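Peer 1: Numbering of the sequence shown is given in full-length UniProt numbering, commencing with residue 1 and proceeding in unit increments. The beta carbon of each residue, even a glycine, is placed where N, CA and C say it ideally should be. Just so we're clear, the structure is a prediction, and the values are computed from it rather than from any experiment.
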Amino acid sequence: MGEESGQGVETKVEISLNDNINANPPPPPPAAVAPPHFVLIHGIGGGAWCWYKIKCLMENCGYKVSCLDLKGCGMDHTDPNTILSFHDYNKPLLDFLSSLRENEQVILVGHSAGGLSLSDAIHKYGKKKIKLAVFIAGTMLRSGCVTDQDIKDGAPDLSGFGELNEVFDIGFGLGQDHPPTTLMVKMELQRKIIYQLCPQEDSTLAAMLLRPGPIQALTTAQFKDTEDKDKVPRIYIKTMQDNVIKPEQQEAMIKKWPPSDVYILESDHSPFFSAPFLLFGLLVKAAVSFGC
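This is the structure we're talking about:
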């Protein structure tokens with residue numbers, strides 16, 4: 001995990017008065033290898049808080065971890081009804097990447113709609129800043145939401161749980177005559193839809209912290225095609241008991257933009273709560289597999 005072995009070769013240096021004082025000194029010991037840096041991006045309505053179990057596991061094992069709040073999410077106080085463009089929504093991630101030191105690369109991890117944030121970053125920064133991208137039940141669309149089929153593949157279809165207004169609390173920040181600006185699954189349905197395999201305390205925490213998500217910004221996300229889009233290796237983690245981004249939707253996105261590898265996880269839509277140790281293991285596997 002980037003740590004040097006403690007059993008190195010002991011070197012003895014003896015100096016006498018006859019030694020040439022101008023002789024070249026021995027080279028310094030090699031610097032310790034920096035641990036991989038994971039940057040974790042939440043899905044719609046979530047926040048950095050979603051990752052508390054994964055962050056703890058990773059940091060206890062020596063990894064560097066950053067968890068970001070996108071605009072209008074988590075601790076960011078922006079009214080999500082005012083966030084109408086994806087660029088505005090994803091600006092915290094883009095700003096974070098631009099602030100990295102020269103030649104510093106990170107492992108981006110995106111859950112659900114966080115996959116759009118990863119794709120945006122891949123197009124804008126490529127291998128310069130991103131060593132590896134990991135999509136967890138993520139919306140993985142090469143160019144974003146360009147066609148109706150893109151939205152069908154990447155957006156949740158919760159019609160099996162009721163009509164739109166029965167499943168979601170809907171915000172109309174631009175007025176009732178305009179498309180919705182925010183959506184959030186109704187509190188009484190959140191556990192059934194999003195967290196059905198999670199511990200009760202985690203779904204209770206989520207019910208307290210989830211916020212309406214800026215749906216207009218997300219469904220209008222489109223990315224300018226770049227040469228860098230296929231240079232960053234991608235891993236997709238399929239969640240096989242997912243009610244939100246169903247396995248067949250995940251498979252459709254995988255086929256349209258094939259990643260470097262696909263991992264299978266028997267979990268609901270929120271494996272950071274329902275299967276944290278298994279998810280942690282897959283993230284470490286991904287990092288090791290690509291030399292991170």
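#1: Keeping to the same chain, check which residues put their C-beta closer than 6 Å to that of F273; ignore five residues upstream and five downstream.
#2: Quick check: V106 and H37, are their CB atoms within less than 7 Å of each other?
#3: In angstroms with no decimal places, state the Cα-to-Cα distance between F161 and K91.
#4: Let me make sure I understand the geometry here. Which of S98, T219, G213, I83 has the alpha-carbon closest to that of D148?
#5: Using the Cα positions of R142 and K186, report the straight-line distance between them to the nearest angstrom.
#6: Which runs of the beta strand (DSSP E) spanning at least 3 residues fall entirely within the region 131-157, listed in chain order?
#7: Please give the ranges of any beta strand (DSSP E) in the region 47-86, keeping only runs that are unbroken, at least 3 residues long and fully inside the region.
#8: Note down the Cα distance separating S66 from A121, rounded to an integer number of angstroms.
#9: Output the distance between the C-alpha atoms of L68 and D242, rounded to the nearest integer angstrom.
#10: Flag this pair as yes or no: are the beta carbons of I41 and G110 separated by less than 7 Å?
#11: Can you list, in chain order, the residues of its chain whose CB lies under 7 Å from that of P214, leaving out five sequence neighbours each side?
#12: I need the DSSP call for M184, collapsed to helix, strand or coil.
#13: One question on the structure: do I44 and A113 come within less than 7 Å of each other, judged by their Cβ atoms?
#14: Are F223 and G115 closer than 7 Å when you measure CB to CB?
#15: Classify G291: buried if its beta carbon has 16 or more other beta carbons within 10 angstroms, exposed otherwise.
#16: Tell me which residues share the same chain as A217 and place their Cβ nearer than 8 Å to its Cβ, disregarding the 5 neighbours each side in the sequence.
#17: Using a Cβ-Cβ cutoff of less than 6 Å, which residues in the same chain neighbour D76 once the five nearest sequence positions on both sides are dropped?
#18: What does G115 pair with, by DSSP beta-bridge criteria?
#19: If W49 sits next to L279, beta carbons under 8 Å apart, how far is it from one beta carbon to the other, in whole angstroms?
#20: Under DSSP, the beta strand (DSSP E) around V33 begins and ends at which residues?
#21: Checking the sheet assignment: what are the DSSP bridge partners for F168?
#22: Go to T239, then tell me how far its beta strand (DSSP E) extends in each direction, as first and last residue.
Peer 2: Per the coordinate set shown:
#1: C198, D202
#2: yes
#3: 33 Å
#4: T219
#5: Rounded to whole angstroms, R142 and K186 show a C-alpha spacing of 30 Å.
#6: none
#7: The qualifying runs are 64-68.
#8: 16 Å
#9: 24 Å
#10: Result yes, Cβ atoms of I41 and G110 sit closer than 7 Å.
#11: G72, P80, I83, Y89, T181, T182
#12: In the structure shown, M184 adopts extended strand secondary structure according to DSSP, grouped into three states.
#13: Closer than 7 Å, so yes.
#14: no
#15: exposed
#16: Within the same chain, Cβ atoms closer than 8 Å to the Cβ of A217 are found at I83, L84, S85, F86, D88, Y89, the five residues on either side in sequence being excluded.
#17: D69
#18: Answer is none; G115 lacks a bridge partner.
#19: Contact between W49 and L279 does not hold, since the beta-carbon distance rounds to 16 Å and is not under 8 Å.
#20: Here V33 belongs to no beta strand (DSSP E), and DSSP marks it neither H nor E.
#21: V185
#22: 234-239
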